[in-house]
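Going by my numbering, the first residue of the sequence shown is number 54, and it counts up by one from there.
Ideal Cβ placement from N, Cα and C applies to all residues, glycine included.
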Amino acid sequence: MSLQKMIATHPQVQDETEELVLAARHAMLCSLFCTSCADACVAEDMAMAQCIRNCLDCADVCAATARLAVRRTAANIDVLRAQMEACIKACETCAEECAKHDNPHCALCAEMCRECAEDCRKALPLVK
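What follows is the structure, given as structure tokens:
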């Protein structure tokens with residue numbers, strides 16, 4: 054299945070933006086990575102409260118960003134732009150925290166967060 058194809062079927066989509074679709078897809082994936090990382094952090098034998106909090110916050114922000122990015126009827130550009138900026142900040146914050154920990158789940162989460170932030174950065178100027 055293709056998210057790009059799904060959005061292209063929308064009767065009001067005329068300016069299909071590949072960058073926005075990619076950002077939406079990666080934001081949803083990042084939400085899942087962050088949720089999984091937070092769960093793995095619970096099982097660690099060290100103080101991971103801040104990492105868990107950052108991962109869960111990032112997961113929620115990313116999921117909301119993905120949902121807003123695929124809604125194309127009666128555009129709410131200012132809200133979508135603000136949400137994408139919040140996603141960039143949440144991903145950067147989560148990546149920074151995860152990078153402090155020497156475990157594979159945090160390394161993967163940090164990498165996904167950086168990719169998601171970069172995708173949102175690329176799409177943001179095209180959201181008009």
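Pull up the distance between the alpha-carbon of residue i and that of residue j, whole angstroms please.
i	j	result
E97	C159	11 Å
M99	E168	27 Å
M137	L177	7 Å
D92	L82	16 Å
R134	R125	13 Å
I105	L73	28 Å
E75	D131	According to the sequence displayed, residue 75 carries Leu and not Glu. The straight-line gap from Cα to Cα measures roughly 20 Å.
A128	T70	14 Å
S55	H154	35 Å
Please state the DSSP three-state secondary structure of residue i.
i	result
D110	helix
V180	coil
T70	coil
A170	helix
H79	helix
K153	coil
A100	coil
A119	helix
R125	coil
S55	coil
Let me make sure I understand the geometry here. Which of the options has the alpha-carbon closest to that of residue i?
i	options	result
C151	Q103, L133, A135 and V123	Q103
A119	S89, C90, C140 and C108	C140
Q57	N107, E164, S84 and A122	A122
N156	A80, H79 and M101	M101
Is the beta carbon of residue i sitting closer than 8 Å to the one on residue j?
i	j	result
C184	C111	Residue 184 is absent from the model: the chain starts at 54 and stops at 181.
C147	C87	yes
A170	E145	yes
C162	A143	no
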